[in-house]
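Chemist: Anchor point for the sequence shown: position 102 equals 102 in the UniProt record's numbering, and the numbering is continuous, going up by one each time.
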Amino acid sequence: ALTYSNFYKYACSEEVPELQDMGGPVEGGFSVVFDPLDGSSIVDTNFTVGTIFGVWLGDKLTGVTGRDQVAAAMGICGPRTTYVIALKDMPGTHEFLLLDKGKITD
Numbered sequence: 001a002l003t004y005s006n007f008y009k010y011a012c013s014e015e016v017p018e019l020q021d022m023g024g025p026v027e028g029g030f031s032v033v034f035d036p037l038d039g040s041s042i043v044d045t046n047f048t049v050g051t052i053f054g055v056w057l058g059d060k061l062t063g064v065t066g067r068d069q070v071a072a073a074m075g076i077c078g079p080r081t082t083y084v085i086a087l088k089d090m091p092g093t094h095e096f097l098l099l100d101k102g103k104i105t106d
């Protein structure tokens, strides 16, 4: 999905820590780091697992800090399924909760 979006230049994850070229633009594009399934070692016990990621403007991930992020988010799947996102220059953190029958609330 990152490759086909054409927004991301580089991505890396806990599983593949080397920069992967996503083919996106160098100018005006983004780079992302993520842990695609945090808590995967406890999936079979029906505990909560999640996905976490951070997004930075540009084509580099070395030498950047959390304050340089333009977005950070996490998705949590378990007894309660929720998605939380924070965007730079937008006050607050926004949480979306999956309710019965696929309805989402914020």
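Every residue, glycine too, gets a C-beta built ideally from N, C-alpha and C.
1) As a quick exercise: from Gly92, Arg80, Leu37 and Gly24, pick the residue whose alpha carbon is nearest that of Thr71.
2) Out of Gly23, Val16, Glu15 and Glu18, which has the shortest C-alpha to C-alpha gap to Ala1?
3) Give the list of continuous beta strand (DSSP E) stretches no shorter than 3 residues that lie fully inside the stretch 17–81.
4) Taking 6 Å as the limit between beta carbons, can you name the residues of its chain near Val55, skipping five residues before and five after?
5) What is the DSSP secondary structure of Leu2, counted as helix, strand or coil?
6) Using the beta-carbon count (16 or more within 10 Å), is Lys101 buried or exposed?
7) Starting from Lys9 and walking both ways along the beta strand (DSSP E), at which residues does that stretch end?
Modeler: Taking the definition as stated:
1) Rather than Thr, the amino acid found at residue 71 in this sequence is Ala. Minimum Cα-Cα distance from Ala71 among the listed residues Gly92, Arg80, Leu37 and Gly24 corresponds to Gly92.
2) Among Gly23, Val16, Glu15 and Glu18, the Cα nearest to that of Ala1 is on Gly23.
3) Assignment of beta strand (DSSP E) within the stretch 17–81, counting only whole runs of 3 or more residues, yields 30–38, 49–57 and 69–77 in chain order.
4) Cβ neighbours of Val55 beyond the five flanking positions: Phe30, Val32, Val70 and Ala71.
5) Here Leu2 sits in helix by DSSP.
6) By the neighbour-count rule (16 or more Cβ atoms within 10 Å), Lys101 is not buried but exposed.
7) Lys9 -> beta strand (DSSP E) spans Tyr8 to Ser13.
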